[in-house]
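Chemist: First residue of the sequence shown: 5, per our numbering; consecutive thereafter.
Note that beta-carbon positions come from the ideal geometry of N, C-alpha and C, so glycine has one too.
Nothing here was measured: the structure is a model prediction, and the numbers come from that model.
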Amino acid sequence: EFQVNTYTTGDQVYPSVAVDSDGDAMVVWYGSGQNGGGYGVYGQRFGSPNPLAKVESIRVNAGSPQRGRVTSVSVTFDQQVNFMAAPSAAFQLHRQSDNQSVILSAVVNGNTVTLSFTGGPLDFGSLADGRYTLTIDAGQVSNANGLLDGDSNGIAGDNFVHVGGPSNGPRLFRLFGDFDGDGTIAANDFIQFRLPLGGSPSPAFDFYNDNSVDASDFIQFRLRFGGSV
């Protein structure tokens, strides 16, 4: 037990307490006289002394909506974390259709880990077409208070799992030619493809990553036209 109110004159009644998944607590009550007259509602917030680390956000292609090429995934934790081994060992990325694993490299900058791809289902440095699932192994990530709380339930040791697709934000999928990132190849994507064809290269439509958008890239686009992922 501990006292939550610092003003003790008169009445402090009708308390209510709420606790979130981090263990933070908010206490509110009805008190008299504190505001100089009558009754008012007052509150006090208490932070958990031992918060666990959680995943704060994921960004694909640094936030770009296009899915013509997908070359990186960034994971930001809500606080500084430690890795039991090499940071890349804590992350697994699998293509959902055949469960193929993407071989990852990782760069840590503060609370953010940026993953790039070095092997597996790739097309010239980009993820190959398909939907992907990202898993973070809680046993490989920790802070001073314990292992990662991957599902934000306040309990250490839960993996973080994101099953990606066109409707699951952040949308973790790739479909070459999908300029607007809606998971389909349609007329609006073709209009965008025509603009760099034979001119200034656009990474979104450079299938072979040779700094040129030409007929060979158009063949790949045509094969996917009308398709979806």
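1) Quick check on ALA66: does DSSP put it in helix, strand or coil?
2) Which value, in whole angstroms, describes the spacing of the CA atoms of ALA208 and GLY123?
3) Does PHE211 come out as helix, strand or coil in the three-state DSSP assignment?
4) Entirely within the segment 18 to 85 and at least 3 residues each: give me those beta strand (DSSP E) ranges in chain order.
5) Just to confirm before moving on: does the CB-CB distance between LEU56 and ASP153 stay below 8 Å?
6) Confirm, please, whether the CB-CB distance from THR137 to GLN100 is below 8 Å.
7) Secondary structure at ASP155, three-state DSSP: helix, strand or coil?
8) Does GLY230 come out as helix, strand or coil in the three-state DSSP assignment?
9) Between the C-alpha atoms of ASN9 and TYR43, what's the straight-line distance to the nearest angstrom?
10) Nearest by alpha-carbon distance to ASN149: which of ASP155, ILE140 and ILE159 is it?
11) Please list the terminal residues of the continuous beta strand (DSSP E) segment that includes GLN96.
12) Starting from ALA142, follow its DSSP beta bridges and name the residues at the other end.
13) Would DSSP call GLN7 helix, strand or coil?
14) Helix, strand or coil for SER192 per DSSP?
15) Apply the 10 Å Cβ neighbour rule to ASP28 and answer buried if 16 or more other Cβ atoms are within range, or exposed otherwise.
16) In chain order, what residues of the same chain lie with their CB nearer than 6 Å to the CB of SER232, ignoring the 5 residues before and after it?
17) From the DSSP output, read off the bridge partner residues of ARG135.
18) Decide if PHE128 is buried, meaning its Cβ has at least 16 other Cβ atoms within 10 Å, or exposed.
19) Quick one, are the C-beta atoms of ALA94 and VAL145 less than 8 Å apart?
Modeler: Walking through what the data contain:
1) Your numbering for residue 66 matches position 62 in the sequence shown. Looking at ALA66 - three-state DSSP - the assignment turns out to be helix.
2) As a working mapping, residue 208 is identified with position 204 in the sequence shown. As a working mapping, residue 123 is identified with position 119 in the sequence shown. Computed Cα separation, rounded: 20 Å.
3) One-based indexing of the sequence shown puts residue 211 at position 207. If DSSP states are grouped into helix, strand and coil, PHE211 belongs with coil.
4) 29 to 36, 43 to 50, 59 to 64 and 77 to 81
5) In the sequence shown, residue 56 corresponds to position 52, counting from 1. In the sequence shown, residue 153 corresponds to position 149, counting from 1. Contact flag set, yes.
6) The residue given as residue 100 occupies position 96 in the sequence shown. The residue given as residue 137 occupies position 133 in the sequence shown. A contact, by the Cβ cut-off of 8 Å.
7) Locating residue 155 in the sequence shown gives position 151, where the first residue counts as 1. Of the three classes helix, strand and coil, the one that applies to ASP155 here is coil, per DSSP.
8) Numbered from 1 along the sequence shown, position 226 holds the residue referred to as residue 230. Here GLY230 sits in coil by DSSP.
9) As a working mapping, residue 9 is identified with position 5 in the sequence shown. As a working mapping, residue 43 is identified with position 39 in the sequence shown. Answer to the nearest angstrom: the Cα atoms are 15 Å apart.
10) Reading the sequence shown from its first residue, position 145 is the one you call residue 149. The shortest Cα separation from ASN149 among ASP155, ILE140 and ILE159 belongs to ILE159.
11) Stepping through the sequence shown from its first residue, residue 96 is reached at position 92. 95 to 99 is the extent of the beta strand (DSSP E) around GLN96.
12) Numbered from 1 along the sequence shown, position 138 holds the residue referred to as residue 142. In the DSSP output, where bridge partners are listed per residue, ALA142 has none listed.
13) Position 3 of the sequence shown, counting from 1, holds the residue named residue 7. It is coil, neither helix nor strand.
14) Start at 1 with the first residue of the sequence shown, and residue 192 comes out as number 188. Contrary to the premise, residue 192 reads as Asn rather than Ser in this sequence. Looking at ASN192 - three-state DSSP - the assignment turns out to be helix.
15) Within the sequence shown, residue 28 is the residue found at index 24, counting from 1. Exposed, because fewer than 16 other Cβ atoms sit within 10 Å of the Cβ of ASP28.
16) One-based indexing of the sequence shown puts residue 232 at position 228. Cβ within range, chain order: GLY187 and THR188.
17) The residue you call residue 135 lines up with position 131 of the sequence shown. Per DSSP, PHE177.
18) Here residue 128 refers to the residue found at position 124 of the sequence shown. Looking at its Cβ environment, which holds fewer than 16 other Cβ atoms inside 10 Å, PHE128 is exposed.
19) Residue mapping note: residue 94 aligns to position 90 of the sequence shown, counting from 1. Residue mapping note: residue 145 aligns to position 141 of the sequence shown, counting from 1. Contact flag set, yes.
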